[in-house]
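Protein chains in written order, with our numbering: chain A, 195 to 306; chain B, -19 to 98. Accompanying notes for the structure given below.
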């Protein structure tokens, strides 16, 4: 079963623009992670935010977490054509079934 | 540092045939995961190993799927017999600590094996 759900499912922007992706989840979490998957490749870890954090930055990435709304957003600033990929949020819940649960993903296309 | 290695990258088989996938995790990573990713979906965990012990195989269809991780390093995932619905990408991932310990939650993924069952 998939917990996270990304929104929108697809986004097409021009190079240099910002891209915002949202993720909603259902149960309490220990942390939330974002991964990128280029076509035909494995997933690459981008950033992790813990449940007691509200915002985190890594280079051109900014992630926020609102545990009261059970939602997260990933912002990619000054996008590049190389950012074209599928992006997944994944949640880790401690206790019970301790595993990383991925959303369905969203496809970002950055046009040169 | 070499990443997670998987083979083969692609496999086409007829239904009812057996198939096996191999994974070599990042050196020193004690936790290994097998995921299945259907088209347009996120990865779903099949089995998680901590060293050579399968600590979560609740999502593994045990009637036809089996896995092993001998010596706590390489791992093999097998399907026998394969069904049309098994067509998917099978991903292997590893991490340096298991859940419940001082944990590095980041997982490193291999490129996957794309299985097509005809």
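Idealized CB from N, CA, C, for every residue including glycine.
According to DSSP, residue pairing for residue 208 of chain A in a beta bridge involves A/305.
Taken atom to atom, the span from the alpha-carbon of residue 60 of chain B to that of residue 26 of chain B is near 15 Å. The beta-carbon distance between residue -16 of chain B and residue 90 of chain B, rounded to whole angstroms, is 4 Å. This is short enough to meet the 8 Å contact definition. Listed in chain order, the positions of the region 269 to 294 of chain A with a beta carbon within less than 8 Å of a beta carbon of chain B are 282, 284, 286, 288, 291, 292, 293, 294. Spanning the alpha carbons of residue 54 of chain B and residue 211 of chain A requires a straight line of approximately 43 Å.
For residue 205 of chain A, not one C-beta of chain B is nearer than 9 Å to its own C-beta. In the DSSP assignment, residue 36 of chain B is bridged to B/28. Residue 19 of chain B counts as exposed, since fewer than 16 other C-beta atoms from the protein chains shown sit within 10 angstroms of its C-beta. In terms of Cβ geometry, residue 299 of chain A and residue 92 of chain B do not form a close pair [threshold 9 Å]. Residue 86 of chain B has its alpha-carbon roughly 17 Å from the corresponding atom of residue 31 of chain B.
Neighbours of residue 297 of chain A in chain B, taken as residues whose beta carbon is under 8 Å from its own, are 22 in chain order. Among the CB atoms of chain A, none fall inside 9 Å of the CB of residue -6 of chain B. Residue 68 of chain B has a beta carbon lying at 9 Å or more from every beta carbon in chain A. Interface residue (Cβ-Cβ distance to chain B less than 9 Å): residue 248 of chain A is not classified as such. Counting along the chain, no beta strand (DSSP E) covers residue 53 of chain B, and no H or E run does either. In this structure, residue 270 of chain A and residue 213 of chain A form a Cβ contact; the two beta carbons are roughly 5 Å apart against a cut-off of 8 Å. Assignment of beta-bridge partners to residue 48 of chain B by DSSP yields B/56.
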